[in-house]
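Working notes for the structure below.
Numbering (this note's numbering), first residue to last: 13 to 139.
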């Protein structure tokens, strides 16, 4: 992937990739359901396929996980970190999310709160 520029990747994938969802309500709009896209917009600045560094909070095996994609020296590294509490997520955002905008950091923290509540309620009902 190091030989291919981000602009070329965007030109090849902007109209056709597996993450594109079109609005069925009749309104114009195309969204990306990319796991690394915090804003769900179909733009090169928010697409996880195009960006070399990105972060997100997701559920993996029923647990809340902080996901980081970084590229160093042409190699793409994907890492998962356990998100045990809010302080842990804030610390991970400071360490790995220095390239994210403040607005996206706030969205990630809100998403963590929502997912952790969802996980806690579903986990309590199964036990």
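In this text, a Cβ means the ideal position worked out from N, Cα and C, and glycines have one as well. Nothing here was measured: the structure is a model prediction, and the numbers come from that model.
Within 7 Å of any Cβ in chain C, is that where the Cβ of residue i sits?
{"i": "residue 76", "result": "No chain C is present in this structure, which holds just one protein chain."}
The beta strand (DSSP E) with residue i in it runs from where to where?
{"i": "residue 101", "result": "Here residue 101 belongs to no beta strand (DSSP E); instead the alpha helix (DSSP H) covers 98-108."}
{"i": "residue 111", "result": "First-last for residue 111: undefined, no H or E at that position."}
{"i": "residue 164", "result": "This structure gives no information on residue 164, because the portion of the chain shown stretches from 13 to 139."}
For residue i, I'd like the list of residues in its chain whose CB is within less than 6 Å of its CB, leaving aside the five on either flank, ordered along the chain.
{"i": "residue 62", "result": "18, 21, 22, 56"}
{"i": "residue 45", "result": "31, 33"}
{"i": "residue 83", "result": "64"}
Look at the Cβ atom of residue i, then the Cβ atom of residue j, and state whether they are nearer than 7 Å.
{"i": "residue 81", "j": "residue 87", "result": "no"}
{"i": "residue 117", "j": "residue 105", "result": "yes"}
Identify, in the order they occur along the chain, each residue of the same chain with its Cβ nearer than 8 Å to the Cβ of residue i, setting aside the five sequence neighbours on each side.
{"i": "residue 102", "result": "121"}
Specify, as a first and last residue, the run of the alpha helix (DSSP H) that residue i falls within.
{"i": "residue 15", "result": "Counting along the chain, residue 15 falls outside any alpha helix (DSSP H), and DSSP gives it neither H nor E."}
Less than 7 Å between C-beta atoms, sequence neighbours within five positions excluded: which residues of the same chain meet that for residue i?
{"i": "residue 42", "result": "32, 34, 54"}
{"i": "residue 111", "result": "65"}
{"i": "residue 39", "result": "none"}
Quick check: does the Cβ of residue i come within less than 6 Å of any heavy atom belonging to the ligand GTP?
{"i": "residue 35", "result": "By its list of ligands, the structure shown contains no ligand whatsoever, and the ligand GTP lies outside what it can speak to."}
Any contact of the region 42-55 with the region 68-77, i.e. 3+ C-beta pairs under 8 Å?
yes
Do the region 92-99 and the region 71-83 make contact, defined as three or more Cβ pairs closer than 8 Å?
yes
Beta strand (DSSP E) runs wholly inside the region 32-68, at least 3 long, in chain order
32-34, 42-44
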